[in-house]
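S.K.:
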Amino acid sequence: MTELTHHVDAPAEISGAAARLRQRVREREISPHDVMTVFEAWAGSLAAREMEDIPGLLFLRMWLKRGNLEPIIARELGGNALHGRWTEQGRARCKAFPVGVVGHWPAANVEIQPLLSMTCALLGGNAALVRVPEGLIDITRRLIGKLAQSDPAQRLTSRIFLAAFQHGRQDLHEAMAQAVDGAMIWGGQESVLRVRALPFPHWARIAVFGPRTSAAAMDAGAWNNPDARETWCARIARDVWQFDQQACSSPQVLFLENNTGRDTAPFRSALQQAFASENKAHPRTAIAASLTSAICQARAAWLIQAPARRAVFPMAPDWTLLFGAGSEAPPPTQGKTLTVLEVESLMETVSKFDGGLQTLGLGMADPAKESQLAALAANRGVDRIVKLGRMHTFVPPWDGVDLVRPMVRMVRHVGSTDPTPP
Numbered sequence: 009m010t011e012l013t014h015h016v017d018a019p020a021e022i023s024g025a026a027a028r029l030r031q032r033v034r035e036r037e038i039s040p041h042d043v044m045t046v047f048e049a050w051a052g053s054l055a056a057r058e059m060e061d062i063p064g065l066l067f068l069r070m071w072l073k074r075g076n077l078e079p080i081i082a083r084e085l086g087g088n089a090l091h092g093r094w095t096e097q098g099r100a101r102c103k104a105f106p107v108g109v110v111g112h113w114p115a116a117n118v119e120i121q122p123l124l125s126m127t128c129a130l131l132g133g134n135a136a137l138v139r140v141p142e143g144l145i146d147i148t149r150r151l152i153g154k155l156a157q158s159d160p161a162q163r164l165t166s167r168i169f170l171a172a173f174q175h176g177r178q179d180l181h182e183a184m185a186q187a188v189d190g191a192m193i194w195g196g197q198e199s200v201l202r203v204r205a206l207p208f209p210h211w212a213r214i215a216v217f218g219p220r221t222s223a224a225a226m227d228a229g230a231w232n233n234p235d236a237r238e239t240w241c242a243r244i245a246r247d248v249w250q251f252d253q254q255a256c257s258s259p260q261v262l263f264l265e266n267n268t269g270r271d272t273a274p275f276r277s278a279l280q281q282a283f284a285s286e287n288k289a290h291p292r293t294a295i296a297a298s299l300t301s302a303i304c305q306a307r308a309a310w311l312i313q314a315p316a317r318r319a320v321f322p323m324a325p326d327w328t329l330l331f332g333a334g335s336e337a338p339p340p341t342q343g344k345t346l347t348v349l350e351v352e353s354l355m356e357t358v359s360k361f362d363g364g365l366q367t368l369g370l371g372m373a374d375p376a377k378e379s380q381l382a383a384l385a386a387n388r389g390v391d392r393i394v395k396l397g398r399m400h401t402f403v404p405p406w407d408g409v410d411l412v413r414p415m416v417r418m419v420r421h422v423g424s425t426d427p428t429p430p
């Protein structure tokens, strides 16, 4: 089986790999249809029992499905792009071509992100040069091994080089930047700024997915409906549990609209039960000491600062619910710690958003109010407004931009032999 993950120690290893990848792209085109054929086989192989412990695995399998990806290609690149055909546009024709070698700098806090980012470039016919964070090497090797098994003809694996090296190796980061034609950069502010400052070629396409947070909101008709309450709470718990609340799309706070003083005790009880049930179904297997400390401090600080506040949590740091009022949420703790705040008006609360919010998960009973709220949230910088339970659904636009089109060139051809008007 082809080894795709390489421990790199010299810049020449990266520049040499990039040259081979670029030659592969130039020698042989591959259509999105053919890429999806391999992806479908890969998704099937990931159903193996020994892969079940990988966080985000089901998410990755769903993303790789043809039924998920075909509409994305049609929307971003046009219907004829699926099979790599030209599209007629009057006297001209257009077609998507790869930019070449796309470098990927994924964040280290989402286990499947190196491969998620890589798939976006491969769908555009590119090659992928991926920097794998040290803590994700083993998981990435297991996942990419299944791709190698699913691609015996090496249609995709011949276009992939996974480079594992220490975060502090500036010479290797620079070698990557100098060798690529495009880049997809993910992570926190410090990491993003560091990568953006690398010596990329002047023609390189750069797509940045930087540090942001997310929130959830519900109107009274939704959270106070006894017939729908348990379902909404289960959806909230699902969004909190995925990626241990470390993804930009993870809800850190839930705003409950309550302008009539209704008792929220039934909702709090249902949410507590949903968190307990989710924890039983997907228990935490390990936790860093620093996160345990942060969770304990968040619990204590929340209860000490105001006597009217409530908190519900088990003895272990498995999950935490902090209940209060007001539109000012505390700094994110993560680790399945959700702050639930009662507010008089969701419109007023959303009007205070400052552009740092990526996703707003909604549970609404009033469609007209939701439409107004969505328009206001979009105007305040929110890029994704979705139903609760779908906050992590990885489809474009993401952070307000497409995922495949930024890494392709839309080539326009006007034939020289066509008759033209004088």
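Per this note's numbering, the sequence shown starts with residue 9, numbered consecutively. For glycine and all other residues, C-beta sits at the position ideal for the given N, C-alpha and C. Please read all numbers here as calculations on a predicted model, not as lab measurements.
#1: Rounding to the nearest angstrom, what Cα-Cα distance links Val419 and Val107 in this structure?
#2: Taking Glu119 as the reference, give the member of Ala172, Thr345, Thr148 and Asp407 with the closest Cα.
#3: Enumerate in chain order the residues of its own chain whose CB-to-CB distance from Met9 is below 6 Å, with the five nearest sequence positions on each side excluded.
#4: Tell me, please, which residues DSSP counts as bridged to Ala223.
#5: So Met126 and Leu77 are supposed to be a Cβ contact under 8 Å. How far apart are they, rounded?
#6: Does Phe105 come out as helix, strand or coil in the three-state DSSP assignment?
#7: Could you tell me how far apart the beta carbons of Val33 and Ala135 are, in whole angstroms, since I believe they sit closer than 8 Å?
#8: Taking C-alpha atoms, which residue in Ser379, Lys395 and Leu262 lies nearest to Thr345?
#9: Would you tell me roughly how many angstroms separate the C-alpha atoms of Phe67 and Thr401, rounded to the nearest one?
#10: According to DSSP, which residues form a beta bridge with Gly111?
#11: With 16 other CB atoms within 10 Å as the buried threshold, where does Glu336 fall?
#12: Out of Ser359, Ala115 and Glu286, which one is the CA nearest neighbour of Glu238?
#13: Between the beta-carbon of Gly343 and the beta-carbon of Leu299, is there less than 7 Å?
#14: In the segment 34 to 97, which residue ranges form an unbroken alpha helix (DSSP H) of at least 4 residues, counting only runs that do not cross its ends?
#15: Which of helix, strand or coil does DSSP assign to Met9?
#16: What would DSSP say about Leu396, mapped onto helix, strand or coil?
#17: At what residue ranges does the segment 244 to 332 contain a whole run of the beta strand (DSSP E), taking only runs of 3 or more?
#18: Note down, in chain order, each residue of its chain lying with its Cβ closer than 7 Å to the Cβ of Ala26, except the 5 sequence neighbours on either side.
#19: At which residue ranges does the segment 400 to 427 contain complete alpha helix (DSSP H) runs of 4 or more residues, listed in the order of the chain?
#20: Any idea what DSSP makes of Arg213, helix, strand or coil?
M.R.: This is what the structure holds:
#1: Against the sequence shown, residue 419 aligns to sequence position 411. Against the sequence shown, residue 107 aligns to sequence position 99. C-alpha separation (whole angstroms): 11 Å.
#2: Here the question's residue 119 lines up with position 111 in the sequence shown. For Glu119, the closest alpha carbon among the candidates Ala172, Thr345, Thr148 and Asp407 is that of Thr148.
#3: The sequence position of residue 9 within the sequence shown is 1, counting from 1. Low confidence applies to Met9: its pLDDT is 49, below 50, so where it sits in the model is not reliable, and the reading given next is rough at best. Same-chain partners within the cutoff: Ala156.
#4: Here residue 223 refers to the residue found at position 215 of the sequence shown. BP columns for Ala223 point to Val261 and Leu368.
#5: As a first step, residue 126 must be located in the sequence shown, where it is residue number 118. As a first step, residue 77 must be located in the sequence shown, where it is residue number 69. Contact flag wrong, Cβ pair sits at about 14 Å.
#6: Reading the sequence shown from its first residue, position 97 is the one you call residue 105. Strand, per DSSP.
#7: The sequence position of residue 33 within the sequence shown is 25, counting from 1. The sequence position of residue 135 within the sequence shown is 127, counting from 1. 5 Å between Cβ atoms; contact.
#8: Position 337 of the sequence shown holds residue 345. By alpha-carbon distance to Thr345, the top candidate from Ser379, Lys395 and Leu262 is Leu262.
#9: Mapped onto the sequence shown, residue 67 falls at position 59. Mapped onto the sequence shown, residue 401 falls at position 393. Taking the Cα positions, Phe67 is about 8 Å away from Thr401.
#10: The residue you call residue 111 lines up with position 103 of the sequence shown. Assignment of beta-bridge partners to Gly111 by DSSP yields Leu137 and Ala191.
#11: Along the sequence shown, read from residue 1 onward, the residue named residue 336 stands at position 328. Burial call: exposed.
#12: Counting from one through the sequence shown, the residue named residue 238 turns up at place 230. Here the closest residue by C-alpha is Glu286.
#13: Against the sequence shown, residue 343 aligns to sequence position 335. Against the sequence shown, residue 299 aligns to sequence position 291. One thing to note: Gly343 has its Cβ within 7 Å of the Cβ of Leu299.
#14: Those alpha helix (DSSP H) runs which fall completely within the segment 34 to 97 and span 4+ residues are 40 to 53, 65 to 71 and 74 to 85.
#15: Residue mapping note: residue 9 aligns to position 1 of the sequence shown, counting from 1. At Met9, the pLDDT of 49 sits below 50, so the modelled position is not reliable; the number obtained from the coordinates is stated separately. In the three-state scheme derived from DSSP, where H, G and I count as helix and E and B as strand, Met9 is classed as coil.
#16: Taking the first residue of the sequence shown as position 1, residue 396 is located at position 388. In the structure shown, Leu396 sits in coil (DSSP, three-state: anything other than H, G, I, E or B).
#17: Entirely contained in the segment 244 to 332, the beta strand (DSSP E) runs reaching 3 residues are, in chain order, 259 to 265 and 318 to 320.
#18: Here residue 26 refers to the residue found at position 18 when the sequence shown is read from its first residue. Take Ala26, set aside five residues on each side of it, and the residues of its chain with a beta-carbon closer than 7 Å to its own are Val109, Leu137, Ala187 and Val188, in chain order.
#19: As far as the segment 400 to 427 is concerned, it has no whole alpha helix (DSSP H) run of at least 4 residues.
#20: Counting from 1 along the sequence shown, the entry for residue 213 is found at position 205. In the three-state reduction of the DSSP assignment, Arg213 falls in the strand class, which pools E and B.
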